[in-house]
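Numbering-wise (our numbering), the sequence shown opens with residue 39 and increments by one.
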Amino acid sequence: MFGLSKRKELEELRKRLDELTKQVRSQQQALDKLQRTVRMQDSVIRLSRMKINKRMGLISSGVKENSKRIHMLDKTVGDMQVDREKIEQIRETMVRLSKKKNNNKDQVSKKIDRVPVKEMWPDMPIRISNSFDSAGIKCIGDLLKYSRHDLMKLQRVGVLSVRQIEVFVYSLGLELKREEV
39 MFGLSKRKEL EELRKRLDEL TKQVRSQQQA LDKLQRTVRM QDSVIRLSRM
89 KINKRMGLIS SGVKENSKRI HMLDKTVGDM QVDREKIEQI RETMVRLSKK
139 KNNNKDQVSK KIDRVPVKEM WPDMPIRISN SFDSAGIKCI GDLLKYSRHD
189 LMKLQRVGVL SVRQIEVFVY SLGLELKREE V
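Have a look at this one:
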């Protein structure tokens with residue numbers, strides 16, 4: 039049927055076809071692996087955005103609540119038309135109440151200081167958790183002793199981690215130690 043040279047050509051073409059098929063398969067496998075990686079990264083980004091939105095929702099709800107209170111106070115004070123003596127009495131009452139509120143706030147903050155960080159922040163990133171463990175930060179009170187700069191000195195804590203910690207502390211209505219100038 040075929041001559042010897044035609045058979046050799048046919049065999050060489052089959053070998054070349056097999057090589058090309060192997061290359062296509064390996065490239066397809068590499069492409070599949072890249073697509074899986076992209077899907078995983080997309081899901082990580084989605085989860086991070088959900089966590090950030092959740093935390094920002096907590097912060098913004100507190101801000102909205104405080105702005106409503108301020109608006110109500112402004113409206114109440116604006117509606118009041120009283121003489122100076124009554125205004126002074128109101129101020130004194132407000133000072134007394136704020137002192138009482140500060141005392142209650144101090145008592146509440148003392149109780150919060152003893153609460154474990156992991157209990158208040160169950161979805162804490164592993165990197166931050168490991169850093170806290172190595173630094174001996176177990177309770178909220180331990181964390182509040184650190185400033186932003188001090189946290190940056192901890193192992194495996196960078197700018198993003200410090201931001202996450204600040205958002206968490208702020209969501210509790212607390213603040214980190216202030217930087218000393």
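Idealized CB from N, CA, C, for every residue including glycine.
Quiz item: What is the DSSP secondary structure of K176, counted as helix, strand or coil?
Solution: coil
Exercise. Helix, strand or coil for K215, going by three-state DSSP, please let me know.
Key: strand
Quiz prompt | Which residues DSSP lists as bridging P154, in chain order | solution = C177
Quiz item: Which whole-angstrom value is the C-beta distance of R152 and G179, which I expect to be below 8 Å?
Solution: 6 Å
Quiz item: Which stretch, first to last residue, makes up the alpha helix (DSSP H) that contains V207?
Solution: V197 to S209
Quiz item: Are three or more beta carbon pairs between the region 198-216 and the region 169-184 nearer than 8 Å?
Solution: yes
Exercise. For E50, I'd like the list of residues in its chain whose CB is within less than 8 Å of its CB, leaving aside the five on either flank, ordered along the chain.
Key: none
Exercise. Answer with buried or exposed for I166, where buried requires no fewer than 16 other C-beta atoms within 10 angstroms of its C-beta.
Key: buried
Exercise. Leaving out five residues on either side along the sequence, give the residues of the same chain with a beta carbon under 7 Å from the beta carbon of L192.
Key: S169 and A173
Exercise. Per DSSP, which residues does S185 bridge with? Please list them.
Key: K215
Practice problem: With DSSP as the reference, label K191 as helix, strand or coil. | Solution: coil
Practice problem: Measure the Cβ-Cβ separation of V207 and L214 and say whether it is below 8 Å. | Solution: yes
Quiz item: Is M162 helix, strand or coil when you go by DSSP?
Solution: coil
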